[in-house]
Structure formats: structure tokens, C-alpha cells
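Chains as they are written, first to last, in our numbering: chain A, 33 to 235; chain B, 10 to 72. Beta carbons are placed, not taken as given, at the ideal position from N, Cα and C, and that holds for glycine. Below: the structure, in C-alpha cells.
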């Protein structure tokens, strides 16, 4: 991807990402992804069935992650967790089950429609250790040393300033805290005719 | 990740997820140091994936 973006490109990309995920919140994942989502994606990424057994179908159908951050290690009872780019809340709700009522999980997303959908997904589960709020990875609205774990799934590739986003994740973690990310990486160069296009960020 | 201060940080493995011929899903792990000292005596939680799990994963458009 092009490294030095103009301000106009930044605006275009940010709005393109926001618009795409607003459509996902409204219409579901089938509108916008060429890869497996929902129940097939969950099975492929080996999420523990016992943790999602009581998830209503709309929550299952809304999964569109690129991996399973929990494959990097367990969450422990009582921990405080931040899910950056929580989307419809699937990983946030899984984390809430893992940390139990003595823990807490905050789901953060820059797309308001996703926050609304996540809150709707939370309602039937009756979990009281979860909140969702609007915000951006490059400017996390939390104090220093707040969380035991930061998770994210397919989000950091969408941030315009990855170093800033990682620095923010580091800031809000407690000493000894863990960052557990699933994300997309380029495994070979894009063809010249497509490389450098702003649309690559959100198509 | 190392640049911003994470310890024991880096690519832990691939998820087997592919959205295109150019991109692949990956797992990254990092720790924030305790008291600015390396936690050499504590076993890292990240399970390093030597081989990405390919079985059961499908390319987009396949069954």
C-alpha cells in the first residue's frame, strides 16, 4: 500500500471504510466480503463451540473476522479487555464469556451503525460485563494502563497510521498486559495497475 | 510492534484465511513490560504456529 497519503486520500479512505461497514451493519456480511463469514468462518477459525452455543443466529451470521485472536492464548477470569474495531461484537461477546462477571470487556468501533448492531446483539445474552462505544484506534478514549488485554480482528490493516494505533494499544495496556491481533498481511506485492489506489483500503 | 514498546512481539503464525492471492490472515502477539524489565522467567503465552492450519480452509468461491 502507498505509505504517504495526502489529506484528501485519508478522508476518502476513512469515509470509504466507514461507508462499507455501515452497509455491513445494515445488510449483513454477504454484501461486502468475497470470503467465508458467519458460521463457516467461525468453524474455520476454531472458536470454542461451548462459548458461542447460546449466541443468537444474527450474532453468528455477522462474524467476518480474518482469524481468531483467542488462538494466541486464553483470557482469564476477572480481566479487563478492550476489543478494537469490535464491529458487530462477536469477539467482544466471546471475551465477555471468558472473563466472566468479575471481568469487563469494552468494544470500540468507529462506525456508529456497528455499535448499534453490537448493542442489539448483546441484549438477548444478558451479559452485564460488556459495553460498546464509538471511537478510533489511533486515539483510544481511555486512560493509560487500563486493560489487561487488547484484542482486534481484521482492523489494524484499516488504520491509516498503524504505528499510532499500536502505540495507543500499548498505552492503554497495563504493565504485563497482552496484545492479541488477527489481521491481514500482504504476502506478495500488488500488481502495478492496482497498487497505490485508495480503493484498495475498503473494496 | 517492537518500535512502540511491545515485548515478545511479532508474527505468531498464519490463520489460513485468504481473501485474495495477495493477502493472508495472520496472528500477532505482544506484551507490555512489567516495571520496564523483561519477563524472562514467565512463559510466553503465544503459541507459535509452525504450520498454518490449511485443512478445512477454503479459497473464496470454493466449497
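Alpha carbon of residue i to alpha carbon of residue j, nearest angstrom
i                     : j                     : result
residue 46 (chain A)  : residue 142 (chain A) : 10 Å
residue 173 (chain A) : residue 222 (chain A) : 35 Å
residue 90 (chain A)  : residue 145 (chain A) : 15 Å
residue 69 (chain A)  : residue 95 (chain A)  : 6 Å
residue 15 (chain B)  : residue 23 (chain B)  : 20 Å
residue 78 (chain A)  : residue 72 (chain A)  : 10 Å
residue 84 (chain A)  : residue 202 (chain A) : 29 Å
residue 149 (chain A) : residue 137 (chain A) : 16 Å
residue 133 (chain A) : residue 40 (chain A)  : 45 Å
residue 13 (chain B)  : residue 195 (chain A) : 7 Å
residue 88 (chain A)  : residue 162 (chain A) : 17 Å
residue 48 (chain A)  : residue 104 (chain A) : 31 Å
residue 92 (chain A)  : residue 113 (chain A) : 21 Å
residue 205 (chain A) : residue 121 (chain A) : 20 Å
Status (buried if at least 16 other CB within 10 Å, exposed otherwise) for residue i
i                     : result
residue 176 (chain A) : exposed
residue 40 (chain B)  : buried
residue 219 (chain A) : exposed
residue 107 (chain A) : buried
residue 166 (chain A) : exposed
residue 30 (chain B)  : exposed
residue 128 (chain A) : buried
residue 200 (chain A) : buried
residue 38 (chain A)  : exposed
Sequence-distant residues of the same chain with beta carbon closer than 7 Å to residue i, five excluded per side
i                     : result
residue 197 (chain A) : 169, 170, 188, 191
residue 42 (chain A)  : 192
residue 98 (chain A)  : 185, 186, 214, 215, 216
residue 111 (chain A) : 131, 135, 180, 181
residue 100 (chain A) : 77, 78, 79, 214
residue 109 (chain A) : 131, 132, 134, 135
residue 118 (chain A) : 124, 139, 140, 141, 150, 164
Nearest-angstrom beta carbon gap, residue j and residue i [assumed within contact, 8 Å]
i                    : j                     : result
residue 86 (chain A) : residue 157 (chain A) : 7 Å
residue 32 (chain A) : residue 43 (chain B)  : Here chain A covers residues 33 to 235 and nothing more, so residue 32 (chain A) does not appear.
Where residue i falls: helix, strand or coil (DSSP)
i                     : result
residue 163 (chain A) : strand
residue 171 (chain A) : strand
residue 212 (chain A) : strand
residue 131 (chain A) : helix
residue 201 (chain A) : helix
residue 219 (chain A) : coil
residue 20 (chain B)  : strand
residue 44 (chain A)  : helix
residue 124 (chain A) : helix
residue 178 (chain A) : coil
residue 138 (chain A) : strand
residue 236 (chain A) : In the structure displayed, chain A extends from 33 to 235; residue 236 (chain A) sits before or after that span and is not available.
Same chain, Cβ closer than 6 Å to residue i, five either side skipped, listed in chain order
i                     : result
residue 115 (chain A) : 123, 124, 139, 183
residue 147 (chain A) : 141, 164, 166
residue 28 (chain B)  : none
residue 212 (chain A) : 101, 104, 183
residue 126 (chain A) : 83
residue 50 (chain A)  : 143
residue 210 (chain A) : 181
Other residues of its chain near residue i: CB distance less than 8 Å, five sequence neighbours each side excluded
i                     : result
residue 18 (chain B)  : 10, 11, 37, 38, 39, 40
residue 75 (chain A)  : none
residue 160 (chain A) : 133
Relative to chain D, which residues along the segment 87 to 100 of chain A have a C-beta separation below 9 Å, given in chain order? Absence of chain D from the displayed structure is noted, the protein chains being A and B.
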